[in-house]
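> Handing you this structure, nothing more for now.
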Amino acid sequence: MRLVYLLNSFIPSRAAHTIQVMKMCDALAGQGVEVFLLVRNDMGTSSFESLKEFYGIENEFEVHFLKTTSIPKLRALGFAFRVKQNLSKFSPDVVFSRDLFSSYLLSSEQYKHVFELHSYFDYSFNYLQAINNIKTYFFKRLSLLQKVPLVY
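The sequence shown runs 4 to 155 under our numbering.
Shown next, in the form of structure tokens:
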């Protein structure tokens, strides 16, 4: 299986989401999945060997850095357009994304994809309602897990 994982962030980074993504790609590659990680090129590129050392990666997978705009408020949209331009080169069986803009643009394509959302980006805007509206028109199958309060 060929899987493209989209990370609308830069690496290397100590941010928790980048560590989780790198570990997930590592685990998938360890299970025989052909993994292609697409990330933003904000900080320049890094060799896979330096990323392996930084994140403690054991398995091989490809990392591709996509050039986006340097305008901070347009980076997410720029990344989404770059993903759409480049995705066909990888012939993925499935696309895994944590990026709303990329998932939105890919929804009109024939790629199977998983969209993982951990938080609402801005509590002044109801993203859950927006996603429900988007799914009606763009996603054929979308399951939403509601935000569940943590109980200690």
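A virtual CB, placed ideally from N, CA and C, is assigned to each residue, including glycine.
Ser16 by DSSP, collapsed to three states: which one?
Coil, per DSSP.
> Can you tell me which of the three DSSP states Tyr126 falls into?
Caution applies to Tyr126, whose pLDDT of 44 falls short of 50 and renders its modelled position unreliable; the value that the coordinates give is listed next. Coil, per DSSP.
> Using the rule of at least 16 other Cβ atoms within 10 Å of the residue's Cβ for burial, across every protein chain shown, is Asp96 buried or exposed?
Exposed, since its Cβ has fewer than 16 Cβ neighbours within 10 Å.
> Indicate the three-state DSSP secondary structure (helix, strand or coil) for Ser53 in the structure shown.
Note: Ser53 maps to helix in three-state DSSP.
> Hey, is the segment 55-70 in contact with the segment 28-39, meaning 3+ C-beta pairs nearer than 8 Å?
Yes, the segment 55-70 touches the segment 28-39.
> Whole angstroms are fine: how far does the CA of Leu9 sit from the CA of Ser100?
If you take the alpha carbons of Ser100 and Leu9, they lie about 5 Å apart.
> Do Ser106 and Phe118 have their beta-carbon atoms positioned less than 8 Å apart in this structure?
In this structure, Ser106 lies closer than 8 Å to Phe118 by Cβ.
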